[in-house]
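Structure first, commentary second.
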Amino acid sequence: MRERLLLLCALTALTGCPKKGGDDAATLLPEVKAGLATREAKLKSYRIAGTVQDAGLEPVTFTFEYRAPQRLRGTLGPPASRTFAWDGAHFFQQLDGEKRFTTFTSALPPAKLAGFLSETFHPFMPEGFRTPLLLSHATVRRATHPLAPQAVELVQKLDGDAAGLEMVYVLRWPQLDFLGRRTVSPDGAAAEERVEEEHCDAALSLCVPKRLGRWQGGKRVGETVLTRVELNAALPNDGFTLTAPEGYDVQTRTLVESPPATQPTDG
50 MRERLLLLCA LTALTGCPKK GGDDAATLLP EVKAGLATRE AKLKSYRIAG TVQDAGLEPV
110 TFTFEYRAPQ RLRGTLGPPA SRTFAWDGAH FFQQLDGEKR FTTFTSALPP AKLAGFLSET
170 FHPFMPEGFR TPLLLSHATV RRATHPLAPQ AVELVQKLDG DAAGLEMVYV LRWPQLDFLG
230 RRTVSPDGAA AEERVEEEHC DAALSLCVPK RLGRWQGGKR VGETVLTRVE LNAALPNDGF
290 TLTAPEGYDV QTRTLVESPP ATQPTDG
């Protein structure tokens, strides 16, 4: 019997049979993609509030509401509160310090509009509340984490203006809750976001960050702390359609594409 076991082990070594649990990137990446899509579908809406603070500065309060598909409302402040909202048809900007209220209609192509909304509302959406954008050449590997005995690292190297930048997401396995993100630039400079406290929902079988620390060059440089987290909250449509407070200067404008930059000419 012992000789038979030794023979089987030798044959396994010679033939290069796959090891147990060796679910390499080829099979793991599709599972991660499917899992992220499933997780995103679970989280149909949320309401959060908290503070963002950079080292040496006072904390800034914010609130944010999201409801699929593409209903968004975020407020910064006080003291000088600013509110931005998109109700699916109009973009609203309310500046309380200046008592100005503007309603924008959009003449942007869909891709440009999506980029504008992403740029406007991205600061309100902590990591873990949005799904990582997967590039075609992303890779996945197994990992561990203090908050998760089993985790995966989603590794992506960026192109274009950010060419050479490596971004690594750490996600709990198999729920794919966000646990951290590291970025390393071509010159070796590193930055990191770390989940330090979580809000978990047993019914949804997922967790989201409640406290996020930001690190750069090995030093803590800031944090985001959520004091309110409501997942799949009931958020009616009219909550994203703003109306001007009394006494505000009211304007109506249109979102249009910026004209191409004029190239300098000789003479």
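Position one of the sequence shown corresponds to residue 50 (this note's numbering), numbered consecutively onward. The C-beta atom is built at its ideal place from N, Cα and C for all residues, glycine as well.
Under 8 Å between C-beta atoms of residue i and residue j
{"i": "Ala251", "j": "Phe150", "result": "no"}
{"i": "Tyr218", "j": "Leu203", "result": "yes"}
{"i": "Phe141", "j": "Thr152", "result": "yes"}
{"i": "Ser94", "j": "Leu255", "result": "no"}
{"i": "Arg179", "j": "Ala200", "result": "no"}
{"i": "Gly267", "j": "Lys148", "result": "no"}
Backbone CA spacing between residue i and residue j [nearest angstrom]
{"i": "Arg317", "j": "Phe289", "result": "In the structure as shown, the chain starts at 50 and stops at 316, and residue 317 therefore has no counterpart that could be examined."}
{"i": "Glu139", "j": "Lys91", "result": "Sequence inspection shows His at residue 139; the Glu mentioned does not correspond to that position. Rounded to the nearest angstrom, the two C-alpha atoms are 26 Å apart."}
{"i": "Glu247", "j": "Thr110", "result": "19 Å"}
{"i": "Phe173", "j": "Thr303", "result": "23 Å"}
{"i": "Gln265", "j": "Thr193", "result": "22 Å"}
{"i": "Arg122", "j": "Thr154", "result": "16 Å"}
{"i": "Pro181", "j": "Leu225", "result": "11 Å"}
{"i": "Asp298", "j": "Val305", "result": "22 Å"}
{"i": "Gly70", "j": "Leu85", "result": "With a pLDDT of only 46 at Gly70, under the threshold of 50, the placement of this residue in the model should not be trusted; the figure read from the coordinates follows. In a straight line, the C-alpha of Gly70 is about 21 Å away from that of Leu85."}
{"i": "Ala238", "j": "Gly164", "result": "27 Å"}
{"i": "Lys161", "j": "Thr87", "result": "27 Å"}
{"i": "Leu106", "j": "Asp145", "result": "22 Å"}
{"i": "Ala75", "j": "Leu183", "result": "15 Å"}
Those residues which DSSP pairs with residue i across a bridge
{"i": "Gln119", "result": "Its beta-bridge partners do not exist; DSSP assigns none."}
{"i": "Ser94", "result": "Arg116"}
{"i": "Ala111", "result": "Checking the sequence shown, residue 111 turns out to be Phe, not Ala. For Phe111, which the question treats as bridged, DSSP gives the partners Gly99 and Leu125."}
{"i": "Thr273", "result": "Val101 and Leu261"}
{"i": "Lys268", "result": "Gln265"}
{"i": "Tyr218", "result": "Leu203 and Arg230"}
{"i": "Pro239", "result": "Note that residue 239 is Ala in the sequence shown, not Pro. DSSP lists Val233 as partners of Ala239."}
{"i": "Arg191", "result": "Val201"}
{"i": "Asp136", "result": "For Asp136, which the question treats as bridged, DSSP gives no partner whatsoever."}
{"i": "Ser155", "result": "Leu304"}
{"i": "Phe289", "result": "Note: Phe289 sits in no beta bridge, so no partner."}
Whole-number beta carbon distance between residue j and residue i, since they are thought to touch under 8 Å
{"i": "Val317", "j": "Arg263", "result": "Residue 317 lies beyond the stretch modelled for the chain, which goes from 50 to 316, so this question has no answer here."}
{"i": "Val244", "j": "Pro258", "result": "5 Å"}
{"i": "Glu114", "j": "Arg96", "result": "5 Å"}
{"i": "Glu176", "j": "Glu242", "result": "6 Å"}
{"i": "Ala98", "j": "Leu291", "result": "With a Cβ gap of about 18 Å, Ala98 and Leu291 do not count as contacting."}
{"i": "Leu253", "j": "Ser234", "result": "35 Å between Cβ atoms; not a contact."}
Below 8 Å, how does it come out for the region 218-235 and the region 273-280: are there three or more Cβ pairs, yes or no? no
Per the contact definition of three or more C-beta pairs closer than 8 Å, is the region 76-83 in contact with the region 186-194? yes
On the three-pair Cβ rule with 8 Å, is the region 94-103 touching the region 128-138? no
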